[in-house]
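Below is one structure, written out as structure tokens; comments come after it.
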Amino acid sequence: PEVQREDAESDLSADSWSDYGSRDKPGTILSRTVPDGNVLFPDIFRTDHLLFYERFRAYQDYILADCKASEVKRFIAEYLEKVLEPSGWQAIWRTDVFEVLVAVVGVNFLALKAVVQLSEPFLCESQDSNFTQECMQELLELKEHQILLQELWVVYDESGEFDQTALAIEHIRFFYRCIWRTWDEEEEDEFDYFVRCVEPRLRLHYDILEHRVPSGLVVDYQNLLSQSEELYEKFLSVRNSISSNDSDSEAENVSMVEGLKLYDKVEHLKQKLKLIENPLLRYVFGYQKYGSLQAKGLRPTGARVIHVVPWTMTASLLHMLARDKLCPASSEDLEIQFHRDPLAAVNACYEGDKVIICPGHYFVDGVFSIADSIELEGYGLPDDVVIEKQGKGDNFFDCTGANIKISNLKLVQHDAVEGILNVHHGKTTLENCVLQCETTGITVRTSAELLMRNSDLYGAKGAGVEIYPGSVCTLLHNGIHHCKEGILVKNFLDEDYEVPKIAMINNMIHNNEGYGVVLVRPMIPSEMKDASAQETTVGWVDSVKVQENEFQDFLMMWLLCMTVDDILFPALGNTQPTQAGDETACAEGSRREQPGCVTDELELYKRAETSEQTENNSEIANVLGATSAKKNHIHKKRLSELGFTEADDNLMSQEMFVSVEGNQFKWNGKGSFGIFFF
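Next up, the structure:
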């Protein structure tokens with residue numbers, strides 16, 4: 001009996017956590033909310049605050065399971081038959097025009113509709129006073145007293161009898177508002193609808209709610225979704241007009257051409273939506289941000305101004321500033337302006353101005369949008385001049401000026417969605433700075449240029465530095481560490497993008513969770529064919545064919561991840577026999593008698609480590625160069641197909657300028673260098 005009682009309690013506990021709940025448990029487990037408006041409607045169940053995992057489990061375990069796109073409506077109907085009370089409950093029927101209290105007397109499960117009648121007393125609120133009880137009764141008769149379940153909000157009941165009814169309707173309402181697309185029924189049935197569509201869209205919805213997606217990307221997604229739905233409606237209209245007309249007229253041929261064009265546009269927009277919905281591709285591809293930043297140009301008077309931002313101003317500090325910064329070598333008489341915070345100083349700048357920030361810890365609630373060529377300099381060491389982002393926001397520094405220089409500052413970012421510094425256009429020089437990141441570190445967009453020298457970057461949850469196609473990035477004597485990835489290079493091998501030009505010299509890239517350097521590029525058809533024939537060698541992992549439609553299955557490839565053992569032991573094996581024997585004897589029994597052996601081993605290890613770093617640098621340069629050469633070959637092949645048999649190599653060459661020397665890669669979780677295929 002004791003075991004049976006414990007099993008029963010366990011079953012009850014597990015059941016109470018499920019979406020079916022326990023019908024025998026007294027009292028409701030849901031909260032109540034008061035409807036908005038002037039009419040005294042009864043309270044309704046509050047169900048719009050469900051967590052991600054609650055919705056995820058409901059759709060995966062109870063509603064959709066492994067159904068196909070064409071089976072969605074049937075699976076939903078079967079779910080509702082299990083959990084929905086068929087009658088005996090009240091709800092508020094809400095539309096864009098009116099709200100009215102109704103009583104549910106039946107459910108049409110296949111049509112996902114409820115059979116209703118007006119409740120007594122009659123309660124209605126509308127934008128138009130003409131909605132009388134007689135008008136509403138006529139409207140219901142026109143609808144045969146059947147309305148969509150997702151338009152109903154269940155009236156609160158303390159007994160708990162209608163908890164599952166309220167939850168079920170909330171799941172259906174959320175599904176058709178946020179998950180379902182009008183074109184989903186035409187998706188291929190060979191794929192699991194939940195995995196392919198529901199999960200990524202659900203994750204995106206909650207990522208947006210929790211401010212983990214840049215606002216610009218959210219706007220792009222909403223615009224793409226609206227365009228897709230509008231074009232799809234037009235496509236359906238054209239397709240229906242063709243199918244209903246059997247004549248082979250010129251007008252029908254024109255409609256077919258128009259339908260094909262609309263179909264291509266819809267498919268193109270759907271692919272863009274899928275990129276944003278996919279949590280991996282969303283940040284791999286990013287989005288093109290066209291900011292409204294406009295350069296002011298030169299000041300109308302033509303003068304240049306030095307802007308000074310003091311935390312506290314003392315006589316000695318003013319004297320040192322005048323000696324070091326405020327007295328130019330030239331005879332030009334510069335105007336000096338003082339500001340309370342760095343953001344105000346930057347916003348006051350014109351072309352050619354300079355901002356000097358005195359030692360202090362500055363908290364800034366806003367975005368540094370720099371569109372003119374200015375200098376932003378900290379007066380002192382970076383740890384003495386700290387600018388910390390306060391409050392939530394997408395960006396910290398947005399640079400579009402032709403020639404911007406930032407030096408001797410420490411930038412600290414919190415509660416961010418985008419990276420700490422984005423170079424959209426022009427050239428930005430970052431020198432002797434410390435960057436404490438939150439999401440991505442520095443992003444170098446297409447057609448932009450970054451020169452980063454003697455700086456330290458850490459803490460990025462994405463890549464420390466993201467390098468886009470068509471950009472120029474020079475990294476000299478920097479530290480990039482404790483990030484998700486060290487440096488992410490994006491090369492799409494597409495005619496619309498030029499490969500980035502990269503120089504990496506004497507950088508220390510260490511303690512990153514993933515790779516030190518990652519190259520992101522597509523797998524071309526020839527590689528897909530040859531992948532199965534390649535054999536694994538030391539330090540290499542073969543490419544595996546990626547199915548086009550499997551957006552979730554990505555291969556994070558190991559490439560040239562040589563360990564110390566891989567390098568050290570082969571090196572020992574290639575030495576001369578006498579040397580090998582001496583070292584072996586030293587290792588086995590003579591360490592205490594010959595202290596020099598320890599020094600020899602350390603020296604040998606040091607040489608092996610140096611050899612490893614040199615190998616990593618050369619192999620990174622070789623692979624990046626080979627990638628750009630492959631793009632050059634693809635371009636020539638395309639020109640040849642178009643009839644251009646002779647092409648000037650100097651004009652055609654878009655090879656990646658690569659200079660990778662003296663960099664050290666240590667303690668990176670997945671190795672020094674990897675390739676991410678898509």
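So in the UniProt record's numbering, spot 341 of the sequence shown is number 341, and the numbers just go up one at a time. Ideal placement from N, C-alpha and C gives every residue a C-beta, glycine not left out.
| Query | Result |
| --- | --- |
| On the criterion of 16 or more Cβ atoms from any shown chain inside 10 Å, does residue 90 qualify as buried, or is it exposed? | buried |
| Would residue 171 be called buried (16 or more neighbouring beta carbons within 10 Å of its own) or exposed? | buried |
| So which of 255, 279, 126 and 168 has the shortest CA-CA distance to residue 195? | 279 |
| Which residue comes first and which comes last in the beta strand (DSSP E) that contains residue 118? | 113-118 |
| So, using beta-carbon positions, are residue 148 and residue 123 closer together than 8 Å? | no |
| Using the rule of at least 16 other Cβ atoms within 10 Å of the residue's Cβ for burial, across every protein chain shown, is residue 93 buried or exposed? | buried |
| In the DSSP assignment, the alpha helix (DSSP H) including residue 126 goes from what residue to what residue? | Segment 124-126 is the beta strand (DSSP E) holding residue 126; no alpha helix (DSSP H) there. |
| Any heavy atom of the ligand SAH closer than 7 Å to the CB of residue 420? | With respect to small molecules bound, the structure shown includes none, and the ligand SAH cannot be examined in it. |
| Applying the criterion that 16 or more other CB atoms from any shown protein chain within 10 Å of the CB defines a buried residue, is residue 53 buried or exposed? | exposed |
| Could you say which of 406, 105, 49 and 199 lies nearest to residue 61 if we only look at CA atoms? | 199 |
| Going by C-alpha to C-alpha distance, which of 164, 389 and 395 sits closest to residue 27? | 164 |
| Which residues bound the alpha helix (DSSP H) around residue 178? | Careful: residue 178 lies outside any alpha helix (DSSP H) and carries neither H nor E. |
| DSSP puts residue 32 in a beta bridge; with which residues? | 45 |
| Return the chain-ordered list of same chain residues with a C-beta closer than 7 Å to the C-beta of residue 136, the five sequence neighbours on each side being excluded. | 100, 118 and 124 |
| Using three-state DSSP, classify residue 344 as helix, strand or coil. | helix |
| With distances taken Cα to Cα, identify the nearest neighbour of residue 236 among 262, 212 and 216. | 262 |
| Using C-beta distances below 6 Å, list every residue in its chain close to residue 504, excluding the 5 sequence neighbours before and after it, in chain order. | 475, 660 and 663 |
| Can residue 451 and residue 429 be called in contact, C-beta distance under 8 Å? | yes |
| Using 8 Å as the Cβ pair cut-off and three pairs as the minimum, do the region 219-230 and the region 292-307 touch? | no |
| Using 10 angstroms around the beta-carbon of residue 401, count the other beta-carbons present and answer buried if the total reaches 16, otherwise exposed. | buried |
| Pull up the distance between the alpha-carbon of residue 205 and that of residue 178, whole angstroms please. | 8 Å |
| Using a Cβ-Cβ cut-off of 7 Å (strictly less than) and excluding sequence neighbours within five positions of residue 470, which residues of its own chain qualify? | 446, 447, 497, 498 and 500 |
| Can you give me the C-alpha to C-alpha distance between residue 140 and residue 70, rounded to a whole angstrom? | 30 Å |
| Which ranges would you report for the beta strand (DSSP E) in the region 395-433 if only whole runs of at least 3 residues count? | 397-399, 403-407, 410-412, 421-423 and 426-431 |
| From the DSSP output, read off the bridge partner residues of residue 194. | Looking at the DSSP assignment, residue 194 forms no beta bridge with any residue, so it has no partner. |
| From 305, 368 and 380, pick the residue whose C-alpha is nearest to that of residue 352; which is it? | 305 |
| Just verifying my parser: in three-state terms, what is the DSSP assignment at residue 490? | strand |
| Pop quiz: residue 356 and residue 308 are said to be a contact at Cβ under 8 Å. What is the actual Cβ separation, rounded to whole angstroms? | 5 Å |
| Can you tell me where the alpha helix (DSSP H) with residue 135 in it begins and where it stops? | 133-142 |
| What's the gap between the Cα of residue 466 and the Cα of residue 64? | 38 Å |
| Nearest-angstrom Cα distance between residue 34 and residue 342? | 46 Å |
| Within 10 angstroms of its Cβ, does residue 484 collect 16 or more other Cβ (buried), or is it exposed? | buried |
| Taking all protein chains shown into account, do 16 or more other C-beta atoms lie within 10 angstroms of the C-beta of residue 424, making it buried, or fewer, making it exposed? | buried |
| What separation, rounded to the nearest whole angstrom, lies between the Cα atoms of residue 372 and residue 269? | 35 Å |
| In three-state terms, what does DSSP make of residue 207? | helix |
| If you follow the beta strand (DSSP E) that residue 477 is in, where does it begin and where does it stop? | It is not in any beta strand (DSSP E) - residue 477 carries neither H nor E in the DSSP assignment. |
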